[in-house]
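See below for the structure under consideration.
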Amino acid sequence: MTRLGSWIGKHLMLTLGILVLLYMYIPNFIVALMSFNDSSESRNLYQFQSFTWDNWLNPCEPQGMCESLRVSISIGLLSTLVATIIGTLAAFALVRHRFEGRSTMNLVLFLPMATPEIVMGSSLLALFVAAGFGGQLGFWTVLIAHIMFCISFVVVTVRSRLAGLDSNLEKAASDLYANEWQTFWRITFPLVFPGILAAALLSFSLSFDDFIITNLNSGTTVTFPMFVWGAAQRGVPMQVNVIGTLMFLLALGIVIGGELLSRRRAHGKASAL
């Protein structure tokens, strides 16, 4: 009994962690399974009928789906690039400098994260209409909207990384006669880069996944979430699950690749010592 209690005590947290992860990934497993489903003979789209490769061999068969995917990826990449640059600069300013209105700026940057999307979407729509873009809603208005709400997430992510940065490393570089430019690129940037990368990945996922703000400011432009929402009213094509599976595998590959790279670097440093 004592051995059993000891075994449970040692493996309880691991077991609970595995169970929680399995529970979280059940929807992803179902999406991956349904990407091989042949639903042509049934209107019940989420009842597995028979195995088929057709969904993977013809991912663009539903008219307009790949075009909407291209639009979502384009908006996601552009908004991520702009929001990451602006948000990173803002994070450095908030952490490294003291200026008038700094506390107010922190509050203002936090508001988009706390504001319901329907409120932000309708506010942006009112702004675009008041600015004379009411008849020109489309790709660029969606891009501006996505940049605006992604900046806050970038600032918070990068700022948390900067707050935990050891300033003695930069001081040591200065003591070794490195100028500010060399110190930034050789010391500061490599240490902050994981936070910047995490912020960029978060921004892209938020932009790619957004529906409410996009729907209010898109005009005739159709993004992938909007295509799925429209298709759901008459039957979601199984190719949607193919795209979802590919996005999940891509995100998983990035996370695993980053972890392996960090471990290799840590192992290299340990070997050098």
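For the record, in the sequence shown the residue sitting at position 259 is 259 according to the UniProt record's numbering, with numbers rising by one throughout.
Positions of the beta carbon are idealized from the N, C-alpha and C atoms, including for glycine.
- Boundaries of the alpha helix (DSSP H) around SER205: 189 to 209.
- Note that the C-beta distance between THR88 and SER207 is not below 9 Å.
- With respect to ALA199, ARG186 sits apart: the two C-beta atoms are not nearer than 9 Å.
- If you draw a 10 Å sphere on the C-beta of ASP210, you find 16 or more other C-beta atoms in it, and that means buried.
- Between LEU202 and VAL154, the C-beta spacing is below 9 Å.
- A contact between stretches requires three or more CB pairs, one per stretch, nearer than 8 Å, and the stretch 110 to 128 fails this requirement with the stretch 45 to 65.
- Among the bridge pairs identified by DSSP, ASN37 is matched with PHE51.
- Contact annotation: VAL142 and THR214 have beta-carbon atoms nearer than 9 Å.
- Straight-line spacing of the CA atoms in ILE26 and GLY253 works out to 18 Å.
- If only complete runs of 3 or more residues are kept, the stretch 141 to 197 shows no beta strand (DSSP E) anywhere.
- The stretch 176 to 186 and the stretch 129 to 149 do not touch, with fewer than three beta-carbon pairs separated by less than 8 Å.
- Here HIS97 is exposed. Its C-beta has fewer than 16 other C-beta atoms within 10 Å.
- Following the DSSP letters along the chain, one finds PHE128 inside the alpha helix (DSSP H) bounded by residues 117 to 130.
- In this structure, DSSP gives GLU61 a state outside helix and strand, which the three-state scheme calls coil.
- Following the DSSP letters along the chain, one finds THR223 in no alpha helix (DSSP H), marked with neither H nor E.
- For PRO237, the secondary structure class from DSSP, reduced to helix, strand or coil, is coil.
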